[in-house]
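S.K.: Following this message is one structure expressed as structure tokens.
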Amino acid sequence: MGHVRVYSISDSIARIQKLQGKNVIHPIGWDAFGLPAENAALERNILPQKWTDSNIKAMKNQLLQLGLNFDWEREISTCNPDYYKWTQYIFLKLFENGLAYQSKAKVNWDPVDNTVLADEQVDDNGCSWRSGAKVEKKTLTQWFIKTTKYAKQLYDGLSSDSLGNWKDIINLQKHWIGECDGVVVSFKVKIKNKVQHLEIWSSEPYKFIHGDYIFMKKDNAMLQELSHEEINNLKCYNPVSEKEISVYVCDDVNYPEGRDVYIASPSVDADDYKLIRCLNIPLDIQRIDINCNKENEKGIKLAQSKKVGGYYSSSKLKDWLISRQRYWGTPIPIIHCPSCGAVPVPYEDLPVVLPEKKTDEASLSLSSIESWVNCKCPQCSGNARRECDTMDTFVDSSWYYYRYLDPQNKQAPFNIKSLAGVTPANCYIGGKEHAVLHLYYARFMSYFLHSIGLTPTQEPFKKLLVQGMIMGQSYKVKSTGKYIPPDEVEQVGKGYKEKATGETVLAQWEKMSKSKFNGENPQRLLTEYGCDTTRLLILSDVPPETSRKWSDATLPGALNWQHRLWRTIREFLKHRNNPELFNNTTLGSQVEEFDTRTWNSRNYFIATATYHFLHTQKLSVGISRLQSLTAILRNNVPPLVVANSKEFELALANLIVMLSPITPHFCSELWAGFLSAPHRLSNNIDAIDWNKEVLQQKWPKVDSKYPLSFLCKVDGADRCDLKIIGHELNNMTEEKALEIMLKEKLVKDRIKTDIIKTKYELYPDCRAILHIFTERSAKVKKNKIDEELKRSQA
């Protein structure tokens with residue numbers, strides 16, 4: 125039902141935009157690698173590829189049953205070598221640019237799925253987001269992508285005016301990235317004759333020039349295989365100062381949040397000096413005075429010039445761990461050679477295709493398939509072994525939105541010319557659970573691809589539409605917590621009892637789940653009511669952002685409205701075809717009076733429905749406006765008026781056109797009724813082409829003389845709502861809007877302090893909103909931030 129909702133939303137928006145005269149790309153694809161598919165295939169003792177293909181076929185059939193207008197010529201699948209060849213290509217680009225690297229790390233291990241999880245894939249209770257198992261900690265050598273290098277850019281990009289309607293998602297992203305108030309530099313440590321990189325973060329970059337000591341926590345992954353003697357003699361090479369620094373292992377240090385390494389500069393920092401003294405570490409240095417600001421800049425420039433870091437990041441943000449120890453994923457295109465080390469697979473040898481696997485093979489990873497693992501080194505031709513980890517599925521889905529624009533390209537993942545003028549994507553629709561994970565990775569990948577000249581823009585998406593969950597009513601026995609099916613429950617007064625035992629039952633709305641017996645099968649709705657009624661049900665009552673409480677109780681409302689519309693067209697045809705009614709002028713004044721009222725109603729509902737369908741994308745509110753227009757057209761309108769009113773005909777036609785993105789097949793049938801009418805009074809109306817189907821019409825517009833709403837908000841509060849003739853409002857500038865509103869008493873009385881900013885939002889043919897912000901609002905906002913800061917510190 126979640127899929128039914130999200131795709132009904134996207135399809136309706138795509139159809140609305142098409143009626144607006146826009147060129148619309150509404151693509152579809154399959155995020156087909158990963159644990160769920162592989163585990164399900166193992167349970168059934170069939171190959172993951174076979175299981176995945178059968179699921180794609182089944183779901184595609186259901187999407188077609190929903191009447192979704194996808195561009196199937198752009199269809200892609202992440203488990204197809206034609207796609208993951210380019211995921212591997214992008215990985216190699218990351219590797220070339222020093223952004224893909226291997227390192228020892230303490231990782232999250234899922235003991236059920238036998239694989240590593242990124243920090244983002246572990247919930248607040250320390251459990252796997254997939255299996256639900258308690259996550260264990262292991263020290264393993266893993267592949268990472270250095271997303272932290274782009275942290276500051278990604279954080280600052282969230283303040284861009286190009287991002288529309290991101291609301292609290294901006295705060296979620298900012299919270300995840302963290303305040304980028306420090307700099308990262310990659311030091312080198314020699315352990316057991318191997319050089320390893322040690323990422324060190326400091327809020328005081330001058331320490332990379334004047335740092336004298338490195339501290340590590342005891343549980344640092346790099347130390348786990350070292351002897352006591354090796355730890356005591358550990359040295360670290362500082363590439364900025366080009367000096368070797370002693371490393372001390374100690375937990376009694378005030379490490380930055382999320383870090384287990386600290387660089388100390390006792391020659392400059394008084395607190396570091398005290399720290400060294402407290403720990404009884406030999407101190408043979410002279411205190412010096414420096415200009416910290418200048419030395420900070422110098423430290424950053426030196427690190428950047430030597431290509432060892434120097435980029436801003438938060439202390440808590442970690443690089444993206446992409447290694448997965450499972451078979452069903454994109455192979456990492458690296459070959460490990462005893463002589464040459466980690467060698468990238470040559471571009472001409474891509475894709476590195478997954479080997480065929482027998483269904484009864486117990487191993488879950490690639491390491492057991494020796495015929496695939498053993499290979500030759502591309503550099504020295506010596507014996508070597510392939511990387512056996514596969515990539516996290518979020519790598520596959522971090523760039524798909526660009527492949528949609530050039531899906532058949534066999535020379536590159538996409539051509540920049542295919543992206544020009546159509547990126548970033550106008551609308552990204554998804555659940556709130558994607559706000560940190562997928563959206564963060566997609567933004568990083570887009571920034572990276574732009575930095576190497578492959579894309580014309582940094583940000584991948586303009587507007588976000590975050591849809592809520594579909595909730596089902598579940599029933600749980602109070603004494604045991606056991607979930608029971610609805611047919612085992614009876615209502616007693618305002619409460620519920622279990623039929624068999626009489627035990628008290630708790631009823632609550634929860635995310636749909638088979639185990640909670642509160643799910644709904646979309647196939648039942650499609651079979652019993654058809655795709656249009658199903659779409660109408662899922663989009664009505666609540667806007668996309670709100671959780672939807674699913675119940676058959678909402679069925680009568682949607683069905684009755686469809687019946688009323690059907691009867692309205694039937695009655696219209698009946699009266700229009702009646703020679704005793706059509707062109708009857710005996711009640712001309714009645715028709716004229718009705719036309720005046722209906723002209724106002726039609727324009728009002730076109731303006732408000734368009735505003736919500738097109739701009740706020742609160743589809744449920746737009747639908748309610750169409751229901752209100754239906755009620756006006758059925759409110760005891762005499763047959764003679766129905767037969768002779770041009771406004772009735774036009775209002776009904778506009779209503780059907782605006783409803784067609786929601787229920788395209790139903791509205792096509794209603795439109796066929798119009799086309800069968802022998803007489804039409806609105807033949808000369810530009811907005812309607814009676815020679816075309818309803819899905820080929822233009823979206824209705826308000827008449828240019830209709831007065832539209834012009835609202836003024838002062839410091840967020842509604843103050844004045846004027847009515848301005850449509851063609852005047854459509855051409856109004858921000859300067860003129862401010863001039864008009866400053867003459868209004870309700871606005872003037874509210875402005876107590878100086879105006880610091882204005883923002884003018886014009887929604888052509890709908891409304892306009894002028895926002896005025898004063899010093900008072902800035903103070904209120906600052907006070908709120910200060911209060912939040914105090915609470916967080918407490």
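Be aware that the sequence shown starts at 125, since it is given in this note's numbering, and climbs by one per residue. C-beta atoms are modelled at their ideal positions from N, C-alpha and C, and glycine is treated no differently.
For residue 658, count neighbouring C-beta atoms within 10 Å of its own C-beta (all shown protein chains included) and say buried if the count is 16 or more, exposed if not.
M.R.: buried
S.K.: Does the distance from the CB of residue 364 to the CB of residue 426 come in under 8 Å?
M.R.: Taking a C-beta distance under 8 Å as the contact criterion, residue 364 and residue 426 qualify as a contact pair.
S.K.: Is there contact between the stretch 384–402 and the stretch 326–340, where contact requires at least three CB pairs shorter than 8 Å?
M.R.: yes
S.K.: Counting Cβ pairs, one atom from each stretch, are 3 or more of them under 8 Å apart for the stretch 607–622 and the stretch 565–583?
M.R.: no
S.K.: If you count every other CB in all the chains shown that lies within 10 Å of the CB of residue 279, and 16 or more means buried, which is it?
M.R.: buried
S.K.: In angstroms, rounded to a whole number, what distance separates the CA positions of residue 828 and residue 822?
M.R.: 16 Å
S.K.: Report yes if the C-beta distance between residue 743 and residue 668 is below 8 Å; otherwise report no.
M.R.: yes
S.K.: Using only CA atoms, which one of 666, 775, 678 lies nearest to residue 720?
M.R.: Its Cα nearest to that of residue 720, the residue 775 stands out among 666, 775, 678.
S.K.: Output needed for residue 710: all residues of its chain with C-beta closer than 8 Å, excluding positions within five of it in sequence on either side, in chain order.
M.R.: 764
S.K.: What do you get for residue 837, buried or exposed, if any count of 16 or more other CB atoms within 10 angstroms of its CB means buried?
M.R.: Buried, by the Cβ-count rule.
S.K.: Determine, using beta-carbon pairs with one atom in the stretch 697–708 and one in the stretch 618–638, whether at least three such pairs fall under 8 Å.
M.R.: No: fewer than three Cβ pairs fall under 8 Å.
S.K.: What does DSSP give as the partner residues of residue 309 in its beta bridges?
M.R.: DSSP lists 324, 433 as partners of residue 309.
S.K.: With a 10 Å radius around its C-beta and 16 neighbouring C-beta atoms as the bar for buried, classify residue 789 as buried or exposed.
M.R.: exposed
S.K.: Could you pull the DSSP bridge partners for residue 339 from this structure?
M.R.: Answer is 372, 386.
S.K.: Closer than 8 Å is the cut-off here; do at least three beta carbon pairs connect the stretch 457–467 with the stretch 509–521?
M.R.: yes
S.K.: Do the stretch 177–184 and the stretch 433–443 touch if we need at least three Cβ pairs shorter than 8 Å?
M.R.: no
S.K.: For the beta strand (DSSP E) containing residue 595, name the first residue and the last one.
M.R.: 594–601
S.K.: Taking the alpha helix (DSSP H) that residue 562 belongs to, which residues open and close that run?
M.R.: 561–575
S.K.: Indicate the three-state DSSP secondary structure (helix, strand or coil) for residue 622 in the structure shown.
M.R.: strand
S.K.: What is the DSSP secondary structure of residue 410, reduced to helix, strand or coil?
M.R.: coil
S.K.: Report yes if the C-beta distance between residue 129 and residue 747 is below 8 Å; otherwise report no.
M.R.: no
S.K.: Exposed or buried, what is residue 465 when buried is set at 16 or more other beta-carbons lying within 10 Å of its beta-carbon?
M.R.: exposed
S.K.: Should residue 538 and residue 218 be called a contact, given that it needs their Cβ atoms to be closer than 8 Å?
M.R.: no
S.K.: Tell me which same chain residues have a C-beta within less than 6 Å of the C-beta of residue 620, skipping the five on either side of it?
M.R.: Excluding positions up to five away in sequence, the list reads 613, 629, 631.
S.K.: Is the beta carbon of residue 215 less than 8 Å from the beta carbon of residue 152?
M.R.: no
S.K.: Taking residue 337 as the reference, which of 277, 405, 380, 834 has the closest Cα?
M.R.: Its Cα nearest to that of residue 337, the residue 405 stands out among 277, 405, 380, 834.
S.K.: Specify, as a first and last residue, the run of the alpha helix (DSSP H) that residue 633 falls within.
M.R.: Per DSSP, residue 633 belongs to no alpha helix (DSSP H); it is in the beta strand (DSSP E), 628–635.
S.K.: What does DSSP give as the partner residues of residue 251 in its beta bridges?
M.R.: 258
S.K.: In this structure, does DSSP put residue 352 in helix, strand or coil?
M.R.: helix
S.K.: Under the assumption that residue 233 contacts residue 262 (Cβ atoms under 8 Å), give the Cβ distance between them as a whole number of angstroms.
M.R.: 4 Å
S.K.: In the DSSP assignment, what are the bridge partners of residue 552?
M.R.: 588
S.K.: Once DSSP output is grouped into helix, strand and coil, what is the label at residue 782?
M.R.: In this structure, residue 782 counts as helix in the three-state DSSP scheme.
S.K.: If we call anything under 8 Å between Cβ atoms a contact, is residue 584 one with residue 730?
M.R.: no
S.K.: Rounded to whole angstroms, what is the Cα-Cα separation between residue 288 and residue 550?
M.R.: 9 Å
S.K.: Any idea if residue 773 is buried or exposed, counting beta-carbon neighbours within 10 angstroms, 16 or more meaning buried?
M.R.: buried
S.K.: Pop quiz: residue 920 and residue 307 are said to be a contact at Cβ under 8 Å. What is the actual Cβ separation, rounded to whole angstroms?
M.R.: A question about residue 920 goes unanswered here, because the residues of the chain that appear run from 125 up to 918.
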